[in-house]
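Heads up, the sequence shown is in the numbering used here, so the first residue is 121 and it goes up one at a time.
Heads up, the beta-carbon is just placed ideally off N, CA and C, and yes, glycines get one too.
Remember, it's a predicted structure, so these values are computed and weren't measured experimentally.
See structure below.
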Amino acid sequence: MVSKNTIKRITSLGQKKYRQRERVFVAEGIKVVHELLNSDLELVELYAEDVSSFAKALQNKNQAIVEEVSTADLKKITFLKTTQKAVATFRMPEAAQLDRSGLTLLLDDVRDPGNLGTIIRLCDWFGIKQLVCSIGTVDCYNPKVVQATMGSLTRVDVIYTNLEEYLENDSREVFGTFMDGTNIYNTSLPAEGVIIMGNEANGISRETEAVVSNRIAIPRFGDLQETESLNVATATAICLSEFKRG
121 MVSKNTIKRI TSLGQKKYRQ RERVFVAEGI KVVHELLNSD LELVELYAED VSSFAKALQN
181 KNQAIVEEVS TADLKKITFL KTTQKAVATF RMPEAAQLDR SGLTLLLDDV RDPGNLGTII
241 RLCDWFGIKQ LVCSIGTVDC YNPKVVQATM GSLTRVDVIY TNLEEYLEND SREVFGTFMD
301 GTNIYNTSLP AEGVIIMGNE ANGISRETEA VVSNRIAIPR FGDLQETESL NVATATAICL
361 SEFKRG
């Protein structure tokens, strides 16, 4: 049975300030928890309906709290609409060092947890080792982001910093995505560079736009040309695919 203190502590991790204070985050679901257990992350505690299903992954996690609990107990500590069969907490890793080589993706104030989680998965898929985010971008350890990454969070370094300062100290070409940019399908794209994706509603900020050297766009092919914009995660998938193909 999950104690009241445990429920209070885990539910508090839904807020960024408590995650940062404790340096701990929540992961839910059998697949996500398995992925994180098989990484170098330190497990703090695991609550599951069937602990035996994690037996192999738990062999080197002797210091962690591991308890078999009911669905009713898991419902008290979930952040998702559908209660998962496992909830775990992990220690946050140390922040990675910036790597100014290869292809780097920058996010300028992306706020939706689902979008960020999907973008982290895309980085994993396309071999983007570092995802650099503005301070205003949603926290990658938000429970909904962790869930949406489906484990890719363990294979992509997510770094939060001031984007203008980051770009001022980078010698690579900087590509920004804009509605009025050059057709990405007709653009010669380098193997190394920086790609910036903007906020869901406002796009790339003026401050960040000032240091963009290449404006690119995904053209609309519909007859009416009335679609306002693409979802940022969808646009990211297209851009990364084109950079890797080009």
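Can you give the Cα-Cα distance for S308 and G366, rounded to whole angstroms?
-> Mapped onto the sequence shown, residue 308 falls at position 188. Mapped onto the sequence shown, residue 366 falls at position 246. Distance between the alpha carbons of S308 and G366 is about 7 Å.
Sorted by chain position, which residues of the same chain lie with C-beta nearer than 6 Å to A381's C-beta, five sequence neighbours on each side aside?
-> The shown model of the chain, from 121 to 366, leaves out residue 381, and the question about it has no answer.
Cβ-based neighbour list, C253, same chain, cut-off 6 Å, excluding 5 preceding and 5 following = Looking up residue 253 in the sequence shown gives position 133. Excluding positions up to five away in sequence, the list reads L227, Y280.
Find out if the Cβ-Cβ distance for the pair S272, D244 is shorter than 8 Å.
-> Within the sequence shown, numbered from 1, the residue matching residue 272 stands at position 152. Within the sequence shown, numbered from 1, the residue matching residue 244 stands at position 124. The answer is yes: Cβ separation under 8 Å.
Throw me the rounded Cβ distance for the L156 and V144 pair, which I believe falls under 8 Å.
-> By one-based count along the sequence shown, residue 156 stands at place 36. By one-based count along the sequence shown, residue 144 stands at place 24. Contact flag wrong, Cβ pair sits at about 12 Å.
With DSSP run on the structure shown, which of helix, strand or coil describes L133?
-> Taking the first residue of the sequence shown as 1, we reach residue 133 at position 13. L133: coil per DSSP, three-state reduction.
Since I believe I324 is in contact with F363 (beta carbons under 8 Å), could you give me their beta-carbon distance rounded to a whole number of angstroms?
-> Translated into positions along the sequence shown, residue 363 becomes position 243. Translated into positions along the sequence shown, residue 324 becomes position 204. Incorrect: roughly 17 Å between the Cβ atoms, too far for contact.
For L251, collect the residues of the same chain with a Cβ closer than 6 Å to its Cβ; drop the 5 residues on either side in sequence, then sort them by chain order.
-> In the sequence shown, the residue the question calls residue 251 occupies position 131. Closer than 6 Å at the Cβ level, and outside the excluded window around L251, lie L225, C243, V276, V278.
Identify, in the order they occur along the chain, each residue of the same chain with its Cβ nearer than 6 Å to the Cβ of P339, setting aside the five sequence neighbours on each side.
-> For the purposes of this step, residue 339 is identified with residue 219 of the sequence shown, where counting begins at 1. So the list reads N303, once near-sequence residues are dropped.
Proximity to A269 [Cα-Cα], best of D219, Q179, A357, G234 = Position 149 of the sequence shown, counted from the start, is the residue given in the question as residue 269. The question names Ala, but residue 269 in the sequence shown is Thr. Here the closest residue by C-alpha is G234.
Give the secondary structure of Y305 by DSSP, where H, G and I count as helix, E and B as strand, and everything else as coil.
-> Counting from one through the sequence shown, the residue named residue 305 turns up at place 185. Reduced to three states, the DSSP call for Y305 is helix.
Which whole runs of the beta strand (DSSP E) in the region 282 to 346 are 3 residues long or more, in chain order?
-> 294 to 303, 313 to 317, 334 to 337
DSSP three-state call for V230: helix, strand or coil?
-> If you number the sequence shown from 1, residue 230 lands on position 110. Correct three-state label for V230: coil.
Classify A353 as helix, strand or coil using the three-state DSSP reduction.
-> Mapped onto the sequence shown, residue 353 falls at position 233. Residue state, collapsed to three classes: helix.
What does a CB cutoff of less than 8 Å around M299 pick up in its chain, not counting 5 residues either side in sequence?
-> Stepping through the sequence shown from its first residue, residue 299 is reached at position 179. Result list for M299: G323, A337, S349, in chain order.
At 3 residues or longer, and completely inside the region 135 to 165: list those beta strand (DSSP E) runs for me, N to C.
-> Whole beta strand (DSSP E) segments, 3+ residues: 144 to 148.
Report yes if the C-beta of A337 is less than 7 Å from at least one heavy atom of the ligand FAD; otherwise report no.
-> As presented, the structure is devoid of all ligands, the ligand FAD included, so that no description of it is given.
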